[in-house]
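Numbering (UniProt numbering), first residue to last: 1 to 118. Ideal placement from N, C-alpha and C gives every residue a C-beta, glycine not left out.
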């Protein structure tokens with residue numbers, strides 16, 4: 001297994017919860033602008049005609065031969081804040097993503113965004 005730092009190479013792979021249940025497909029990685037390290041991922045979920053991107057933290061995530069395993073249960077991830085498949089996370093909504101997972105949120109010293117899509 002590899003640590004989440006290698007996760008950029010795993011786009012379009014299955015994302016599973018700790019029990020191995022498939023949640024969705026890895027779409028993109030959001031880095032913490034303070035450290036430039038992977039912090040959240042977006043996963044493609046939903047029915048083919050109703051796709052959306054949900055956010056999940058990468059803390060504790062690992063990758064296997066054909067999957068990315070996150071540290072959060074499928075139901076918790078599926079209930080997370082989401083954006084349209086061609087959408088962007090508005091700066092005003094960043095705090096909601098952190099709050100959903102009970103993670104501390106603070107902007108940069110100059111009020112800049114905490115997350116950047118890679």
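Query, Result
"Quick one: using the 10 Å Cβ neighbour count with 16 as the cut-off for buried, is residue 18 buried or exposed?", "exposed"
"According to DSSP, is residue 70 part of a helix, a strand, or is it coil?", "coil"
"Thinking C-beta only, is residue 22 closer than 7 Å to residue 14?", "yes"
"Does the Cβ of residue 125 have 16 or more other Cβ atoms within 10 Å, making it buried, or fewer, making it exposed?", "Examination of residue 125 is not possible in this model, given that the chain is present from 1 through 118 alone."
"Mapping the DSSP letters down to three states, classify residue 51 as helix, strand or coil.", "coil"
"Start and end of the beta strand (DSSP E) containing residue 41?", "37-45"
"If residue 56 sits next to residue 72, beta carbons under 8 Å apart, how far is it from one beta carbon to the other, in whole angstroms?", "6 Å"
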